[in-house]
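Asker:
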Amino acid sequence: MKLNSKIMVALLLCVVAAITVGMVAAEDLTLPDGATFTVPDGFTVQEDDDGNTVLVKDNVAIIVLASDAKSPDDAKKTLESKGYTFKNQRDLSNFKNINVVEQSYDKDGMPVYGYICEVDGIQYIVSVANPPADWEITDGNNPANVLISSIDTSNVQTE
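Residue numbers (this note's numbering): -17 to 141.
#1: Which residues in the same chain as VAL142 place their Cβ atom closer than 6 Å to its Cβ, once the five residues preceding and following it in sequence are excluded?
#2: Per DSSP, what kind of secondary structure is VAL138 in: helix, strand or coil?
#3: Within 7 Å of any Cβ in chain D, is that where the Cβ of THR12 sits?
#4: Which whole-angstrom value is the C-beta distance of THR35 and VAL46, which I expect to be below 8 Å?
#5: Over what stretch of residues does the alpha helix (DSSP H) that includes VAL128 continue unbroken?
#6: Determine the closest residue to LYS58 out of PHE19, ASN76 and ILE98, with distance taken between C-alpha atoms.
#7: Short of 6 Å in beta carbon distance, which residues of its chain neighbour LYS89, apart from the five on each side in sequence? Order them along the chain.
#8: When burial is assigned at 16 or more other CB atoms within 10 Å of the CB, is VAL94 buried or exposed?
#9: Nearest to MET92 by CA position, among LYS69, VAL82, LEU129 and ASN76, is which residue?
#10: Which residues share a DSSP beta bridge with TYR95?
#11: In whole angstroms, give me the CA-to-CA distance for THR26 and LEU37.
#12: Classify THR26 as helix, strand or coil using the three-state DSSP reduction.
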């Protein structure tokens, strides 16, 4: 019996260790201006050809940028000049106390969403390429919702 109880204790410790390893804290990333945000569950962090941080899961890609756009119209003009076809826009004011404007585009047959966000007076753009057909930013589990809601500007250096 003593051997069996030692095996049981060893197995129990292995199970606890495996569960502990599986419980990884959410990863935070820092933007060049010092703002941070949480990487949504299941997304991996990569870098694109322009040096931007890209979050990827399956066929969905998310890029977060500090923005010089003064308005959603400025963002629209910039994207249209890069070959994006504007589809529509909706105001999501006070999205969890963040002013957000959602713009949807098409780029070579691929759906793209741009979220122009104002967090503590600072503009950010969250771009989502190739989201699923049932994409809805107001869903609390939506990865863009998770990311936008987590933007923290407390470390941003203002002039």
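Glycine residues also receive a C-beta, built at the ideal position from the N, C-alpha and C atoms.
Answerer: The short version:
#1: The structure shown does not extend to residue 142, since the chain is modelled only from -17 through 141, so no value can be given for it.
#2: coil
#3: The structure shown contains no chain D; it holds only a single protein chain.
#4: 7 Å
#5: 125 to 132
#6: ILE98
#7: TYR66
#8: buried
#9: LYS69
#10: SER86 and VAL110
#11: 5 Å
#12: strand
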